[in-house]
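J.: Note that the UniProt record's numbering gives residue 267 to position 267 of the sequence shown, counting from 1, and the numbers run on in steps of one.
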Amino acid sequence: MRILVATRIYTPEAGAAAYRLAAMVRALRRAGHDVVVLTTKAPGARQSAAGIRRWPVLRDRTGAVRGYVQYASFDLPLIFRLLAGRRFDAVVAEPPPTTGAAVALAAALRRRPYVYFAADVSSNAAAGIGVNPLVVALLRAAEKRILAGAASVLSISAGVSAAVRELTGGRAKVAEVGTGIDTATFSLQGPAAPAGPVFVYAGTMSEIQGAGVFVDAFLRIMDRVPQARLLMYGQGVELAELQRRAAPAGDRIRFMGVAGGDEIARRLRGAAAGLASVRPARGYDFAFATKAFVSLSCGAPVIYAGVGPLRSLVAENALGHSVDWDAGQVAEAMLAVLAEPVPEPERRRYSAWVAENFSLDAVGERAAAAVTAAAARS
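If you want it as structure tokens, here you go:
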């Protein structure tokens with residue numbers, strides 16, 4: 001089969017969606033399918049590579065393709081890219097729903113099926129962060145139609161599956177493929193930064209994650225542990241605000257920008273703990289913060305703050321500290337980690353647990369199987 005993948009984010013850009021789609025593409029190609037990725041021109045990426053077609057887009061000041069104007073700079077040309085290209089058997093769309101709408105329109109005109117990869121339900125998230133109710137209503141109506149019309153909706157978790165079915169009244173054809181991380185890149189093996197009292201946050205800094213809880217917590221402990229450092233990797237709409245709040249710490253809180261997986265893995269292998277969070281009541285209470293798996297796979301215990309399925313997973317499997325989205329509780333967890341550094345056997349256990357339960361290769365295989373099944377049915 002000839003499968004197209006339409007996504008605004010793809011490797012080498014860092015992000016759960018980029019890694020997840022790359023795993024799916026690898027699995028499809030291993031199965032003998034012809035796969036072409038239609039994506040954006042990304043910093044540090046070649047204009048084109050084997051099976052990857054990049055298009056220049058608008059990015060916000062942090063470098064992300066986020067915002068309706070930025071989305072449109074990818075979605076509108078995407079329609080014509082899909083219409084003008086060779087015949088295909090199916091096309092896989094990655095959120096946001098604007099991309100889903102562009103793909104649904106082009107697929108209908110080409111009389112081909114499309115598959116939607118749902119890491120979340122965007123209209124729920126928009127309502128959670130206080131978007132105008134009229135905008136939320138329009139987004140919900142569009143998302144409902146996109147999900148219901150897909151030949152298959154790939155879901156990353158039971159929570160997402162339930163939200164998709166609720167939104168569509170059970171009309172969506174959901175295939176739950178799970179979530180995971182690249183355990184080859186994020187592993188115990190490889191160069192490591194010097195071990196020390198360093199905390200690492202690597203991921204998006206938006207209203208949904210609420211990464212500010214880690215900045216606020218570190219400010220509470222920094223006088224008690226003068227050697228401690230906090231490294232914040234990534235970008236997002238809260239970046240400038242977090243930089244302002246971190247000012248009293250000077251260079252003890254450093255904002256490292258976007259980095260590749262090898263650099264993040266190197267830092268985590270020597271870190272006291274990795275940090276992950278999902279802020280309550282923002283429409284993402286069912287979400288997996290995959291940065292927690294990244295930390296654990298590199299051997300670093302995780303301090304998890306907030307809600308979601310990871311809250312119980314971390315606690316039940318003794319993978320670090322699981323606390324409320326509260327700066328005081330996070331500060332206590334940071335002090336506990338620094339008081340009792342995790343021994344090497346425990347670090348190996350963390351890494352093995354992720355490899356056994358949340359390998360991205362397995363997710364890619366399940367996603368590839370669901371895509372080919374949907375194309376065959378259609």
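Glycine included, each C-beta is placed from N, C-alpha and C at the ideal position.
For a quick check, are the C-beta atoms of residue 148 and residue 172 less than 7 Å apart?
T.: Here the question's residue 148 lines up with position 148 in the sequence shown. Here the question's residue 172 lines up with position 172 in the sequence shown. Yes.
J.: Measure how close the beta-carbons of residue 53 and residue 35 come, nearest whole angstrom, since I'm counting them as under 8 Å.
T.: Taking the first residue of the sequence shown as 1, we reach residue 53 at position 53. Taking the first residue of the sequence shown as 1, we reach residue 35 at position 35. Not really, about 11 Å apart at Cβ, beyond 8 Å.
J.: Flag this pair as touching only if the stretch 20-29 and the stretch 66-77 have three or more C-beta atom pairs under 8 Å; answer yes or no.
T.: No contact exists between the stretch 20-29 and the stretch 66-77.
J.: For residue 34, which residues does DSSP report across the bridge?
T.: Reading the sequence shown from its first residue, position 34 is the one you call residue 34. According to DSSP, which records beta bridges pairwise, residue 34 is partnered with 2.
J.: List the whole-angstrom C-beta distance separating residue 264 from residue 336, where the pair is believed to meet the contact cut-off of C-beta under 8 Å.
T.: Taking the sequence shown and counting its residues from 1, one reaches residue 264 at position 264. Taking the sequence shown and counting its residues from 1, one reaches residue 336 at position 336. Actually they do not touch by this definition, with Cβ atoms about 23 Å apart.
J.: For residue 274 versus residue 200, is the C-beta distance shorter than 7 Å?
T.: Counting from one through the sequence shown, the residue named residue 274 turns up at place 274. Counting from one through the sequence shown, the residue named residue 200 turns up at place 200. Yes, the Cβ-Cβ distance between residue 274 and residue 200 is below 7 Å.
J.: Let me know the secondary structure DSSP gives residue 308 once reduced to three states.
T.: Residue numbering aside, residue 308 sits at position 308 when the sequence shown is read from its first letter. In the structure shown, residue 308 sits in coil (DSSP, three-state: anything other than H, G, I, E or B).
J.: Can you have a look at residue 120 and say buried or exposed, based on whether 16 or more other CB atoms are within 10 angstroms of its CB?
T.: By one-based count along the sequence shown, residue 120 stands at place 120. Buried, by the Cβ-count rule.
J.: Below 7 Å between beta carbons: does that hold for residue 179 and residue 156?
T.: Start at 1 with the first residue of the sequence shown, and residue 179 comes out as number 179. Start at 1 with the first residue of the sequence shown, and residue 156 comes out as number 156. Yes; because the gap between Cβ atoms is below 7 Å, this pair is in contact.
J.: Could you spell out where the alpha helix (DSSP H) holding residue 137 opens and where it closes?
T.: If you number the sequence shown from 1, residue 137 lands on position 137. First-last of the alpha helix (DSSP H) with residue 137: 133-149.
J.: What are the partner residues of residue 320, as DSSP defines its beta bridges?
T.: Translated into the one-based positions of the sequence shown, residue 320 becomes position 320. Answer is 302.
J.: Compare the Cα-Cα distances from residue 9 to each of 3, 141, 42 and report the closest residue.
T.: In the sequence shown, counting from the first residue as 1, residue 9 sits at position 9. Comparing Cα-Cα distances from residue 9 to each of 3, 141, 42, the minimum goes to 42.
J.: Return the CA-CA distance between residue 170 and residue 351, expressed in angstroms with no decimal places.
T.: Translated into positions along the sequence shown, residue 170 becomes position 170. Translated into positions along the sequence shown, residue 351 becomes position 351. One C-alpha to the other measures close to 37 Å.
J.: Would you mind working out which of 326, 6, 220, 241 sits nearest residue 96, comparing C-alpha positions?
T.: Your numbering for residue 96 matches position 96 in the sequence shown. Closest option to residue 96, Cα to Cα, is 6.
J.: Along the chain, which unbroken stretches of the beta strand (DSSP E) at least 3 residues long are found entirely within the stretch 168-243?
T.: If we require 3 residues or more, the beta strand (DSSP E) runs fully inside the stretch 168-243 come out as 174-176, 198-202, 229-233.
J.: Have a look at residue 327 and residue 222 and give me their C-alpha separation to the nearest angstrom.
T.: Within the sequence shown, residue 327 is the residue found at index 327, counting from 1. Within the sequence shown, residue 222 is the residue found at index 222, counting from 1. Approximately 13 Å between the Cα atoms of the pair.
J.: Can you confirm whether the stretch 240-247 touches the stretch 81-100 when touching is taken to mean that 3 or more C-beta pairs between the two stretches lie within less than 8 Å?
T.: Flag = no, the stretch 81-100 and the stretch 240-247 do not touch.
J.: Work out the CA separation of residue 225 and residue 19 for me, nearest whole Å.
T.: Position 19 of the sequence shown, counting from 1, holds the residue named residue 19. Position 225 of the sequence shown, counting from 1, holds the residue named residue 225. Their Cα atoms are separated by approximately 36 Å.
J.: With 16 as the cutoff for other CB atoms within 10 Å, does residue 87 come out buried or exposed?
T.: For the purposes of this step, residue 87 is identified with residue 87 of the sequence shown, where counting begins at 1. Exposed is the call here.
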